[in-house]
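Colleague: Residue numbering for the sequence shown is 50 to 458, as defined by our numbering.
Ideal Cβ placement from N, Cα and C applies to all residues, glycine included.
I have a structure here, written as structure tokens, and I will follow up with some questions on it.
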Amino acid sequence: MFSSLGRIEVVLLVGGVLLLLMLIYTIQSILSPFLVLGAILFLLFPLRQYILARNLMWLAAILFGLWFLHEVSPILAPFVVSLVFAYILAPLVDVFERWRVPRWLTSLVLLFLFVAGIVLAVFFILPVAVAQLEGVLDAVSSVISDWRSTLWNSNIVRLLQRYGIPANDLRSILSNQLTPRLEDILKTLFSASASLLSSISGVLTQIFYLILVPFLTFYMLTDFPKISHRFKMLFPRPVRDKVALGMEQADELIGHYLRGALTVAILQGFTVSVIFSIFGIKYALLLGLLAAVLDLVPYFGLIITMLISMLVASFSDPPVVPKIIFALGSVGALHLFEVAFLSPRIVGSKVGLHPLLIILALLVFMQFLGFVGLLVAVPATALLIQITKEWEKGRRRGASENDGTYAQS
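Structure (structure tokens):
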């Protein structure tokens, strides 16, 4: 491309590029990603016949998209929540539409019942859970004190004294250093759980007291066929059928996963609360709510649920050890039952993502959208993988057709 340039022209071109970079560095404080993206497209679009130029434009567009999502993530959160609610309620709207009930009427009734149910749950169940959480925090200090006195009166202290460790120094270490640190660790753990519950309840309270989310959900339920049709009409006719097929696959993947995952999570939380209540484990409602919420988070949810259940079970009335074993065993058994029986029948087939990719997706989506990001991370990542595979198939198909054309010529 530059073979026709002379030595002087090349020197001038290089000097101009260097001066341009210096200018960009000087005015970087007033540059915005919009201006940078516009400049990149302005420079590279005339060279779009070259693969390198096209790849650079795609890279710039992807980076700009990530930046844009990060900037508007607080605005996108209500739309994502509304989309989740719409996916949960959409099958019922479709069923009543086949019975010749208007979509707007079914959407309005279902949305009212759904919002009323969640608001009632927040007002009647959440106070009990918060009270149980306060009981857990109060029990931490009591358990630590009992542990300290038990340790002091045990044979371990006498054994250490026999080897020359002063009793007063040991008492000072237990009272002033080890015990307060252990207490701080446990309180920090339960405070984190409390902040998780309070943040979730705060999000739910704000969502259902704001008019935006119910209205968005209502319009998504009512006008989804129109929105889908208009979106498909934006594409050229040759690719319109492929876009329609991809939208159907995406709708089935995301909707089926979200509805199934939420159903399984509710069943898990209810079962944990009932079983723990029957066997005398304290704070059963709190543990059930935590199990339901954390069941939506792959891998991390199970580990955190087992740890918290073990610690909370230790605050129950004696005998403590059998209750700890029972809490761990029941949570593990319920998870195995979920993996082997519930998920295949309710959630459906697996999304086919590698565990490392799932963990990465959870961390990335949580960074952008918080708890809502944890909810949609797996189906959204599976959808992106599916889109990438379809794009790769189309690219290979086009390359093979071009090779066949060249071979014939």
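Given 8 Å as the limit, is there contact between the stretch 359-373 and the stretch 323-336, that is, 3 or more CB pairs closer than that?
Modeller: Yes, they touch.
Colleague: Excluding the five sequence neighbours on either side, which residues of its own chain have a C-beta within less than 6 Å of the C-beta of A299, listed in chain order?
Modeller: Excluding sequence neighbours, A299 sits near L432.
Colleague: Note down the Cα distance separating V164 from L138, rounded to an integer number of angstroms.
Modeller: So the two alpha carbons sit approximately 12 Å from each other.
Colleague: CB-CB under 7 Å to A109, same chain, minus the five flanking residues each way: which ones, in chain order?
Modeller: Contacts found: L86, I89.
Colleague: Determine the DSSP secondary structure at V346, reduced to helix, strand or coil.
Modeller: Three-state result, V346: coil.
Colleague: My assumption, with CB atoms under 8 Å, is that L270 sits in contact with R152. Please give the rounded CB distance.
Modeller: The pair is a contact, with the Cβ atoms about 7 Å apart (cut-off 8 Å).
Colleague: Relative to the C-alpha of E439, which residue among L115, K291, V321 is closest?
Modeller: Selected option, being the one with the closest Cα: K291.
Colleague: Between which two residues does the alpha helix (DSSP H) holding P367 run?
Modeller: Careful: P367 lies outside any alpha helix (DSSP H) and carries neither H nor E.
Colleague: If you draw a straight line from the C-alpha of L115 to the C-alpha of L175, how long is it?
Modeller: If you take the alpha carbons of L115 and L175, they lie about 36 Å apart.
Colleague: Measuring CB to CB, does L405 end up less than 8 Å from T430?
Modeller: For L405 and T430, no; Cβs fall outside 8 Å.
Colleague: Could you tell me whether the Cβ atoms of L154 and L141 are closer together than 8 Å?
Modeller: Not closer than 8 Å, so no.
Colleague: Taking DSSP as the reference, what is the three-state secondary structure of Y268?
Modeller: Three-state DSSP puts Y268 in a helix.
Colleague: Does V142 come out as helix, strand or coil in the three-state DSSP assignment?
Modeller: Of the three classes helix, strand and coil, the one that applies to V142 here is helix, per DSSP.
Colleague: For L423, which residues of its own chain have a beta-carbon under 8 Å away from its beta-carbon, when the five flanking residues on both sides are left out?
Modeller: Correct list, in chain order: L345, V346, L411, F414, M415.
Colleague: Going by other Cβ atoms of all chains shown within 10 Å of its Cβ, with 16 needed for buried, is P285 buried or exposed?
Modeller: Its Cβ having fewer than 16 others within 10 Å, P285 is exposed.
Colleague: Going by beta-carbon coordinates alone, are A341 and I357 separated by less than 8 Å?
Modeller: No. Outside cutoff.
Colleague: Ordered along the chain, which non-local residues of its own chain (more than five positions away) have a Cβ less than 6 Å from that of S156?
Modeller: Result list for S156: V142, F267, L270, T271, in chain order.
Colleague: Less than 8 Å separating the beta-carbons of L343 and I353?
Modeller: Yes, the Cβ-Cβ distance between L343 and I353 is below 8 Å.
Colleague: Between the C-alpha atoms of M296 and A126, what's the straight-line distance to the nearest angstrom?
Modeller: Roughly 22 Å separates the two Cα atoms.
Colleague: Go through its chain and collect everything with a Cβ distance to L169's Cβ below 6 Å, but skip five positions before and after it.
Modeller: None.
Colleague: Please report the distance separating the alpha-carbon of G304 from that of I373.
Modeller: C-alpha separation (whole angstroms): 37 Å.
Colleague: Cutting at 6 Å between CB atoms, please list the residues of its own chain near S322, excluding the five before and the five after it.
Modeller: Taken in chain order, the residues that qualify are A333, L334, G337.
Colleague: Hey, is L339's beta-carbon within less than 8 Å of any beta-carbon in chain D?
Modeller: No chain D is part of this structure, which consists of one protein chain only.
Colleague: What separation, rounded to the nearest whole angstrom, lies between the Cα atoms of F273 and R279?
Modeller: The alpha-carbon atoms of F273 and R279 are separated by roughly 10 Å.
Colleague: For V66, which residues from the same chain have a beta carbon less than 8 Å from its beta carbon, with the 5 sequence-adjacent residues on both sides left out?
Modeller: Result list for V66: empty, nothing under 8 Å.
Colleague: In the structure shown, what three-state DSSP assignment does V150 receive?
Modeller: Looking at V150 - three-state DSSP - the assignment turns out to be coil, as it is neither helix nor strand.
Colleague: Tell me whether the beta-carbon of I324 lies closer than 8 Å to the beta-carbon of S379.
Modeller: Yes, Cβ-Cβ distance for I324 and S379 is below 8 Å.
Colleague: Between M50 and the rest of its own chain, which residues show a CB-CB distance below 7 Å, the 5 nearest in sequence each way excluded?
Modeller: With a pLDDT of 49 at M50, under the threshold of 50, the predicted position of this residue should be treated as unreliable, and no value is reported.
Colleague: What residues in its chain sit with their C-beta under 7 Å from that of L93, if we drop five residues either side in the sequence?
Modeller: Taken in chain order, the residues that qualify are A102, L105, M106.
Colleague: Please report the straight-line C-alpha distance between G381 and I408, rounded to a whole angstrom.
Modeller: Those two C-alpha atoms are separated by around 20 Å.
Colleague: Between which two residues does the alpha helix (DSSP H) carrying F325 extend?
Modeller: Residues 286-327.
Colleague: Helix, strand or coil, according to DSSP, for K331 in the structure here?
Modeller: Three-state DSSP puts K331 in coil, outside helix and strand.
Colleague: Take the Cβ of F172 as the centre, count every other Cβ of all protein chains shown within 10 Å, and call the residue buried at 16 or more, exposed below.
Modeller: F172 comes out exposed.
Colleague: How about F128 and L307: do their beta carbons lie closer than 8 Å?
Modeller: Contact flag unset, no.
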